[in-house]
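Participant: My questions all concern the structure below.
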Amino acid sequence: MRLLVRIFNHRSFPLIAALALIVAALIAGRDGFSGADALILLVVAAAAVLVWRMLVTHQTESMDSLEAVREALHNGQRATVLEFFSTTCAGCLAMKPVVDRLEAEAGERLQIIRLNIDEEPGRTLMEEYGVIFTPTFIYFDPDGNKLRESIGVLDQARILFDLERT
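Position in the sequence shown counted from 1, then plus 398, gives you this note's numbering.
Right under this line is the structure:
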């Protein structure tokens, strides 16, 4: 079940678009499928692919090894937020500008570490912390003690509120 949740959380959007196109083709074909119907479906499919490609931006990880992440968590200087994301997750794509803005505004008192769950060390830490959905934010105090976690699309104020209320 956990695997199914992970698959549908990160990979379902292109699948849903493909199913919608198939249903549209079946509906268009009920009264006779013309060349215009095929052309419209091709244009819609091409537009869907282009929009998806534009949305799937490359989010970079700030840490490339498990040891570097663990060391950053226990640095004793700033609170830390681990953000678990996937490049195919629509919610993660929506959160990228929010997290970028948060990092720019609160960078001196807050450290944000972005971890792609499809690559290491994100995959290992995802299993270690029991992350199922993305985006997931796990908050740590400056000594590396886990405080709480938040799941889903959040605004900047909510992330700061969750961090400060512990």
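Ideal placement from N, C-alpha and C gives every residue a C-beta, glycine not left out.
Taking 8 Å as the limit between beta carbons, can you name the residues of its chain near residue 439, skipping five residues before and five after?
Facilitator: Cβ within range, chain order: 419, 422, 423 and 426.
Participant: Return the Cβ separation of residue 479 and residue 523 in integer angstroms, given the expectation that the two are a contact with Cβ distance under 8 Å.
Facilitator: Not a contact, Cβ separation roughly 13 Å.
Participant: Determine the extent of the alpha helix (DSSP H) in which residue 525 is found, giving its start and end residues.
Facilitator: Run containing residue 525: 520–527, per the alpha helix (DSSP H) assignment.
Participant: First and last residue of the beta strand (DSSP E) that includes residue 480?
Facilitator: Residues 477–483.
Participant: Looking at the structure shown, is residue 515 part of a helix, part of a strand, or coil, going by DSSP?
Facilitator: DSSP places residue 515 in coil when its eight states are reduced to three.
Participant: Among the residues of its own chain, which have a CB less than 8 Å from the CB of residue 405, if the five just before and after it don't count?
Facilitator: Reliability fails at residue 405, whose pLDDT of 49 lies under 50, so the model's placement of it is uncertain and no value is given.
Participant: Give the straight-line distance between the Cα atoms of residue 503 and residue 434, rounded to the nearest whole angstrom.
Facilitator: Their backbone Cα atoms lie some 52 Å apart in a straight line.
Participant: In three-state terms, what does DSSP make of residue 530?
Facilitator: The answer is coil: DSSP assigns residue 530 none of H, G, I, E or B.
Participant: Just to check my reading of the structure: residue 531 and residue 557 have Cβ atoms closer than 8 Å, yes? What is that Cβ distance to the nearest angstrom?
Facilitator: With 8 Å as the limit, residue 531 and residue 557 do not qualify as a contact, their Cβ atoms being about 16 Å apart.
Participant: Cβ of residue 471 within 9 Å of Cβ of residue 520?
Facilitator: In this structure, residue 520 does not lie closer than 9 Å to residue 471 by Cβ.
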